[in-house]
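In my numbering, the protein residues as written are 320 to 655. Just below is one structure, and these are the notes that go with it.
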Ligand code: APR
């Protein structure tokens, strides 16, 4: 159990995180920061006064706190509209920013199209971490995932093992779920890794996919696997299209918590995480989804897989996409 976990953003994912951290007893204190709702300067002053007194973070914390007797947990919850709720956090999970949302015609933006707006938010996040919990371990979920982690790293420069993005656990979870469903076996039996950036070019690694230790190709034919892998790459969008109001929020929260638990309980669990690469997989200075051992020091070790030539080429393409978004982030940061 940690002394304190800080949650940056108290929206859909932040809410599930707070609820689950309380339920699982992962920390004695949860601090949640979220500026919402923000007064609209064009509203009448009375309306602005009302909104100033409202707080999603304080409200969600109070709601969960009032349920603690029911689940038998003695935990402190602190919410705030500024970043003070993060004070003393040993681990922070960042979900600040806008999610993808279906447009009225049913189309929706790519994660990369969130960059301009979420980059500004990320600068505030970096300042908040710097001020209130500069030594906290960071797990970031906000999109575009790889470029937001890259930006936090540029601003905060923590040791490379103490900052990581959550994407691979979610993407692999989707891959594993689709395989389990098609093979009609327990999700527990399916092992798989998705590598690369958290975009539509991510790489579900078929050569790493096994059912109870047996290659997946023994269970599913080429056509079925190709369909599953294509669906995995676009699985986030599938949920965005269905929900209409935003993007997936339960599975990303659970995925981040699997990472957090590996760190909190020093499990040395091998999970796909968005980690800073310094030569591994031929990549330097970028955050990319790779398998790594997660333990009390965060990213303890990146593991290099033997990929097939096709998987290698797919990873190179995905990394090129991550680099492009990071270059765009760098250019935008010059103007902010
Ligand atoms: N600091 C802290 N929180 C902020 C800030 C900020 N500067 N700016 C916005 N937020 C808050 C919003 O007020 C909102 O409550 O971040 C929260 C985001 O919550 P949701 O809009 O519900 O989005 P959610 O589904 O939780 O996704 C959050 O994770 O998966 C990604 O693409 C997704 O980038 C998105 C992020």
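The C-beta atom is built at its ideal place from N, Cα and C for all residues, glycine as well.
Rounded C-beta distance between residue i and residue j? I'm assuming under 8 Å.
{"i": "residue 617", "j": "residue 582", "result": "6 Å"}
{"i": "residue 472", "j": "residue 595", "result": "6 Å"}
{"i": "residue 486", "j": "residue 593", "result": "5 Å"}
{"i": "residue 610", "j": "residue 591", "result": "5 Å"}
{"i": "residue 634", "j": "residue 515", "result": "5 Å"}
{"i": "residue 587", "j": "residue 619", "result": "6 Å"}
{"i": "residue 458", "j": "residue 477", "result": "Not really, about 12 Å apart at Cβ, beyond 8 Å."}
{"i": "residue 434", "j": "residue 321", "result": "So it is not a contact: roughly 31 Å between Cβ atoms."}
{"i": "residue 374", "j": "residue 395", "result": "Contact doesn't hold; Cβ gap of about 17 Å is too wide."}
{"i": "residue 498", "j": "residue 528", "result": "6 Å"}
{"i": "residue 475", "j": "residue 448", "result": "6 Å"}
{"i": "residue 548", "j": "residue 525", "result": "7 Å"}
Residue range of the beta strand (DSSP E) that residue i falls in?
{"i": "residue 456", "result": "456 to 459"}
{"i": "residue 547", "result": "Unbroken run through residue 547 is the alpha helix (DSSP H), 541 to 552; no beta strand (DSSP E)."}
{"i": "residue 709", "result": "In the structure displayed, the chain extends from 320 to 655; residue 709 sits before or after that span and is not available."}
{"i": "residue 594", "result": "588 to 597"}
{"i": "residue 394", "result": "That residue, residue 394, is in no beta strand (DSSP E); it is neither H nor E in DSSP."}
{"i": "residue 604", "result": "603 to 614"}
{"i": "residue 619", "result": "617 to 621"}
{"i": "residue 483", "result": "482 to 484"}
{"i": "residue 276", "result": "Outside the shown range of the chain (320 to 655) lies residue 276, about which nothing can therefore be said."}
{"i": "residue 413", "result": "410 to 413"}
I'd like the span of the alpha helix (DSSP H) that includes residue i, first residue to last.
{"i": "residue 339", "result": "331 to 343"}
{"i": "residue 645", "result": "628 to 654"}
{"i": "residue 489", "result": "487 to 502"}
{"i": "residue 364", "result": "364 to 372"}
{"i": "residue 578", "result": "569 to 583"}
{"i": "residue 447", "result": "434 to 451"}
{"i": "residue 473", "result": "464 to 475"}
Do residue j and residue i have their beta-carbon atoms positioned less than 7 Å apart in this structure?
{"i": "residue 650", "j": "residue 466", "result": "no"}
{"i": "residue 615", "j": "residue 585", "result": "yes"}
{"i": "residue 575", "j": "residue 539", "result": "no"}
{"i": "residue 495", "j": "residue 506", "result": "yes"}
{"i": "residue 578", "j": "residue 613", "result": "yes"}
{"i": "residue 491", "j": "residue 461", "result": "no"}
{"i": "residue 470", "j": "residue 441", "result": "yes"}
{"i": "residue 420", "j": "residue 565", "result": "yes"}
{"i": "residue 521", "j": "residue 637", "result": "yes"}
{"i": "residue 323", "j": "residue 346", "result": "yes"}
{"i": "residue 387", "j": "residue 452", "result": "no"}
{"i": "residue 530", "j": "residue 509", "result": "yes"}
{"i": "residue 570", "j": "residue 464", "result": "no"}
{"i": "residue 358", "j": "residue 371", "result": "yes"}
{"i": "residue 558", "j": "residue 567", "result": "yes"}
{"i": "residue 551", "j": "residue 523", "result": "yes"}
{"i": "residue 338", "j": "residue 390", "result": "no"}
{"i": "residue 341", "j": "residue 408", "result": "no"}
{"i": "residue 392", "j": "residue 344", "result": "yes"}
**Prompt:** On the three-pair Cβ rule with 8 Å, is the region 333 to 352 touching the region 480 to 495?
**Reply:** Cβ pair count under 8 Å is below three, so no.
**Request:** Determine contact between the region 359 to 367 and the region 600 to 617, defined as no fewer than three beta-carbon pairs at a distance below 8 Å.
**Result:** No, because fewer than three Cβ pairs between the region 359 to 367 and the region 600 to 617 fall closer than 8 Å, the two stretches do not touch.
**Item:** Contact between the region 404 to 423 and the region 324 to 343 (3+ Cβ pairs under 8 Å)
**Value:** Yes: at least three Cβ pairs fall under 8 Å.
**Asked** Is the region 376 to 384 touching the region 334 to 344, taking contact as three or more C-beta pairs under 8 Å?
**Response** Yes, since at least three Cβ pairs between the region 376 to 384 and the region 334 to 344 fall closer than 8 Å, the two stretches touch.
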